[in-house]
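Residue numbers (our numbering), protein chains in the order written: chain A, 1 to 276; chain B, 1001 to 1981.
For each residue, glycine too, the CB sits at the ideal point set by N, CA and C.
On a predicted model such as this, the values are computed, not experimentally measured, just so you know.
Read the structure below first, then the notes.
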Amino acid sequence: MANKEEKPEGKDSSWKDFIYNPRTGEFIGRTASSWALIFLFYLVFYGFLAGMFSLTMWVMLQTLNDYTPKYRDRVASPGLMIRPKYFDIEVNRSNPQQYNKYVQGLESFLQQYNDTLQEQNTVCTEGDYYMQENNELVKNVCQFKRSQLRQCSGLADTNFGYAEGQPCVLIKMNRIIGLVPRGDPYINCTAKRDTPLQMQYFPSEGRFDKMYFPYYGKKAHPNYVQPVVAVKLLFSEQDYNTQLTIECRVEGSDLRNNDERDKFLGRVTFRIQVTK
Amino acid sequence: MTKSDSYEMFVEMDNVDGDVKIKKKKKMKKKEKLESMKKEMDIDDHEITLEELEMRYSTSITKGLSSTFAQEVLERDGPNELKPPKGTPEYVKFARQLAGGLQCLMWVAAVICFIAFGIEISKGEISGYDDLYLAITLIAVVVVTGCFGYYQEFKSTNIIASFKNLVPQQALVIRDGQKNQINANLLVVGDLVEIKGGDRVPADIRVITSQGCKVDNSSLTGESEPQTRSPECTHESPLETRNIAFFSTTCLEGVATGVIINTGDRTIIGRIASLASGVGNEKTPIAIEIEHFVDIIAGLAIFFGFTFFVVAMFIGYAFLEAMIFFMAIVVAYVPEGLLATVTVCLSLTAKRLARKNCVVKNLEAVETLGSTSVICSDKTGTLTQNRMTVAHLWFDNMIHAADTTEDQSGQSFDQSSETWRALGRVASLCNRAVFKPNQETVPIPKLSIHELEDPLDLRYLLVMKGAPERILERCSTILIKGQELPLDEQWKEAFQTAYMDLGGLGERVLGFCHIYLNEKEFPRGYTFDTDEMNFTTSGLCFAGLISMIDPPRATVPDAVMKCRTAGIRVVMVTGDHPITARAIAANVGIISEGSETVEDIATRLRIPVEQVKKSDARACVINGGQLKDMTSDELDDALRNHPEMVFARTSPQQKLIIVESCQRLGSIVAVTGDGVNDSPALKKADIGIAMGIAGSDAAKNAADMILLDDNFASIVTGVEQGRLIFDNLKKSIAYTLTKNIPELTPYLIYITVSVPLPLGCITILFIELATDIFPSVSLAYEKAESDIMHLKPRNPRRDRLVNEALAVYSYFQIGAIQSFAGFTDYFTAMAQEGWFPLLCVGLRSQWEDVRLQDLQDSYGQEWTYSQRLYQEYTCYTVFFVSIEVCQIADVLIRKTRRLSAFQQGFFRNKVLVSAIVFQLCLGNLLCYCPGMPNIFNFMPIRVQWWFVPLPYGILIFVYDEIRKLAVRRHPGSWWDQELYY
């Protein structure tokens, strides 16, 4: 800027002068009033920009619906996820300390499915979508009792089978607002090895009942619990000490389970190893 | 001032040189070199007898060398050619292209990418090949831009190479007593060679025999008049004596034989050429500018990167992550496409100039002309046509001006007079006068005797030309209007006045006379004997005077005038005589009408020269002799005090000193020249301009620019283009720098506020190297905002290419608006897909967690990692689109710096319009071409997201219009100071 460039040439101790020049009273190339002026200018400038930003954000937020997102195309199909939240499960059945974290995880996840809580919810008709009219602001939730998971409910067997070396894994499907799967979705798990591994599904056949769909979103559907499928992996002695890769897919419906890039769309893969 | 003085001075020049350059060691070396040069110049080959000469070079002046001996000498001395100045090896040139400041940063960034990728592999968790791609892309960018720069440089060097050795020069040599035509580069010392009119002298030659041999030494000394060469030694100085002809001068007429005394680099020309190569090449002003701001950018990039590296470490990121942040900030902040843009802009201008016959050797020289404040021009061949032409005639007691234009397009004088016919006849008859050898020394003027064409008239016509006073001595009558009148005192006085007038114009005056010989005394068949003088040589009839000059080129006065209005000082630096130099200077306007020198004032006021106030004299003519006695301070003073300067009788070294003096005064100096004697100055100058047709190879080698048509007026075009490109480069750079802020802020926000990444590195590279290149280049086609040829040249210290105001305005104002536009669009895209702005804050670690396949958005929906990733790519694209939209506004505002965009016109620059269209098309292609999401992380975005940044684009345009309005309305105000770049 002009005032800086007009300094006489041939100044040697320039940087000291640059930081504070006692002759001109310049501090880093500007006088105090010049600094004040430029500071004021940027204050106004950025103030205006921030105001404009806030305004546009506010206008944009006004256009949004509180209940459903404007666009849902990015999450057209639900992903699958397992509980406990580990993709590498190692169970030493004789060491409770070691598998306790899985048990804890499952237990805390299933708190919301406690029968006492679920009994407050509606009992819906199985096999039908539970469509609710728009005018009811807070939507009803279909009952999913923990006890439906039987051996994997953690009620009778508080260790979810980890102590016997036949651990339970819960498969849950991601919530997607308005999703109504066509057909009869059920979970099918396979072990990636030559001989099949025995498994037990709860509820029976690993089905997600249609009555749990659609989901109406966090605000309209605050107490919604999504259906889960528990898989009890029936390991026998000879299956111990080897790591097994288990893949579970949702089948029997229009839900995608073979996306090339998204390995969790309608399917989930995890590894499990049980030792004595 | 006699010729001999000047030549001695040429030899002793190094003394002055020594005074001027005292300090540096390097210069001391140069002085030693000059010293040794002086010693070598003390040759006595011209003084010794022919026998001694034969002894010295073991040759024979009749038979020449023997072929076998010549072969031996050739092996000893090497070929007879000037060694081309040592070029930089090609691989070094290429490596230099890859090792600039920005390039080094990019290498560092690429290495960091590789390390990050390597660590990920060794850990066994490959989340993607992004780092690898990025590293490869970065290296590709550096290499490709490097190749491009190298290619540009290579191409321009090639143009020059094509000038050389177009036709291998041939020479007629006598060896073993036989004449042979051989390549001139095979000649050796002692060879006996023959030269005739039209030949180039193949080496330095001691003349043995000569028949009317004249050489053109203009490329060596700047004298336009042909110099006679004869076997006698006429002067002890080798440069002054007539019996030495110099390498690369041209033999104009006659024939001569001679013995070669020096070949190749040991010739006088070779020594001057090596002096030229000893002069360091100055960095061009634009190179200094670019280096200056690349350093700043690189410094800032490292500063930003390092700061955020520390911040990231402090916040608690892992070391590797912090390193990747550093890399990303460097990639975001460094304007990768900038150097390519600058190169393209410069080469566009170079092409434009080439179309106007200015070939640029060094791309950056394109701009140098624009910042030039002083042009030191050689006279002969540059300002003048380098051919003696009739300028004035005196007959009928009147001075008539002849047409001296190159193509005879000017006004001619009245040719109806009888006297003109007589004078014309005498002149044309005397022109081809043939002499016996050795007759020039006879102290009579040239004469010849002719039969008349009219078959009825049997008289002989005797015509004579020569020095006017000598001719007048022999005349008794004078031809006035076709009538012979007695030559009385009155006419003699008139003659004297005319003679003085013409002489004062710096012209060479010849007198012409004739007589019709009495047919009785000299009947047909009479044998005239010039030795005996058996005919009348007195009582002739005086026909008139003709004066000749090497006239200025027709386009020069106009060009000099334009330079003046553009604030450029034109200084004449010539080897020719002061009177001639001054006359030409006055003629072309280097000394303007009414300007006086100190001497003029002294004569006008009739006071001694010492009493004249120097500041009163606008003009000043300094000759080499005076210059020799001046200290460098005095020379600086002279240059400061007198706006109109002419230097005459200068040696090559003195030309160098004059250039240095101008540079000391802070000027950017252009030197124009054609001769070998100009080459050191051409090299030293900020920009050397050589003449393409008349120019010697040495001059072309030393120059940065070559005028193919030798037209001085092309320089004006060059100045205009140079100034325009400086302005337009400023605009281009401002445009390019602006988007670095919206590229950088996403990272800063990402690191500090932990939102999901709004803009990826690969996307940034697409902006830098694909979509924004064409618009930034298109600004080079922008027309000038004002009449740039009426402005003063820029002050290299004050008017920087990238000044603080430009950087601040681009970064903190337009860049800031663009960042806000990007974030608005980013948050819009996020919110409309279900992620509210407040949720985004602090979301980063969960968002990027590969294990977290069920992350809840603001509506309770759960997203897998891949779904989030595609959402992130959507954000990249949205941010990209925002930058593009804002950059369109940016390119529109950058069209002008002061004028309103409406005044400049939106569609005048067609290239820019097509660049915007191209940018939009490319943006759409990237967004909507199938397959893009997985290759380049571009997602097909919703159409309305293109329009979210539009208000900000309009804001940019409106804000800049307001800024320009304030700058125009209130020059010198706070706005002008802070916001005009």
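query, result
"Classification of residue 1180 of chain B by the beta-carbon crowding that lies within 10 angstroms, buried from 16 upward", "exposed"
"Helix, strand or coil at residue 1149 of chain B according to DSSP, with G and I counted as helix", "helix"
"Near-chain A residues of the stretch 1925-1946 of chain B - C-beta to any C-beta below 8 angstroms", "1934, 1942"
"Minimum Cβ-Cβ distance from residue 1858 of chain B to chain A less than 9 angstroms", "yes"
"Given residue 1389 of chain B as reference, the closest of B:1738, B:1401, B:1397 once Cα atoms are compared", "B:1401"
"Neighbour flag for residue 144 of chain A against chain B, beta carbons, 9 angstroms", "no"
"As assigned by DSSP and simplified to three states, the class of residue 1800 of chain B", "coil"
"Host beta strand (DSSP E) of residue 1544 of chain B (start-end)", "1540-1549"
"Listed by chain order, chain B residues near residue 256 of chain A by CB distance under 9 angstroms", "Chain B residues near residue 256 of chain A: none, gap ~11 angstroms exceeds 9 angstroms."
"Where residue 1695 of chain B falls, given that 16 or more other Cβ within 10 Å makes a residue buried", "buried"
"Buried or exposed by the 16-neighbour rule on C-beta atoms within 10 Å, applied to residue 143 of chain A", "buried"
"Euclidean distance between Cα positions of residue 1318 of chain B and residue 1304 of chain B", "18 angstroms"
"Residue 1875 of chain B, DSSP secondary structure in three states", "helix"
"C-beta contact flag for residue 245 of chain A and residue 271 of chain A at 9 angstroms", "yes"
"Residue interval of the alpha helix (DSSP H) (run including residue 1921 of chain B)", "1910-1928"
"Exposure of residue 1346 of chain B, with buried meaning 16 or more beta-carbon neighbours within 10 Å", "buried"
"For residue 1248 of chain B, three-class secondary structure by DSSP", "coil"
"Interface residues of chain B facing residue 69 of chain A [CB-CB closer than 9 angstroms]", "1831, 1832, 1833, 1834, 1835, 1857, 1858, 1859, 1861"
"Nearest residue (CA-CA) to residue 58 of chain A, options B:1923, B:1836, B:1944, B:1956", "B:1836"
"Secondary structure of residue 48 of chain A, DSSP reduced to three states", "helix"
"Contact residues within the stretch 1805-1818 of chain B, judged by C-beta distance below 9 angstroms to chain A", "1805, 1808, 1812, 1813, 1816, 1817"
"Residue nearest to residue 38 of chain A in terms of C-alpha spacing, selected from B:1813, B:1929, B:1386", "B:1813"
"Spatial neighbours of residue 12 of chain A in its chain, beta-carbon cut-off 6 angstroms, leaving aside the 5 residues before and after", "For residue 12 of chain A, the predicted structure reports a pLDDT of 49, less than 50, and the residue's modelled location is therefore unreliable. A value from the coordinates is still provided. Nothing listed; no residue qualifies."
"Segments assigned alpha helix (DSSP H), at least 4 residues, entirely inside the stretch 1336-1381 of chain B", "1338-1355, 1365-1371"
"Beta-ladder partner(s) of residue 1193 of chain B, from DSSP", "B:1173, B:1258"
"Three-pair Cβ contact test at 8 angstroms for the stretch 1299-1313 of chain B versus the stretch 1670-1686 of chain B", "no"
"Beta carbon of residue 1974 of chain B nearer than 9 angstroms to that of residue 1828 of chain B", "no"
"Contact under 9 angstroms by Cβ, residue 1841 of chain B with residue 1948 of chain B", "no"
"Cβ of residue 264 of chain A within 9 angstroms of any chain B Cβ", "yes"
"Distance CB(residue 1839 of chain B)-CB(residue 1857 of chain B) smaller than 9 angstroms", "yes"
"Interfacial residues, the stretch 156-176 of chain A to chain B, with Cβ spacing under 9 angstroms", "172, 173, 174, 175, 176"
"Residues sharing a beta bridge with residue 247 of chain A, DSSP", "A:190, A:269"
"Residue 271 of chain A at chain B interface by Cβ criterion, 9 angstroms", "no"
"Nearest residue (CA-CA) to residue 186 of chain A, options A:227, A:219, A:168, A:221", "A:227"
"Of the listed residues A:32, A:103, A:70, A:50, nearest to residue 1859 of chain B (C-alpha basis)", "A:70"
"Per DSSP, the bridge partner or partners of residue 278 of chain A", "What the structure shows of chain A is the stretch from 1 to 276, and residue 278 of chain A is not part of that stretch, so it cannot be assessed."
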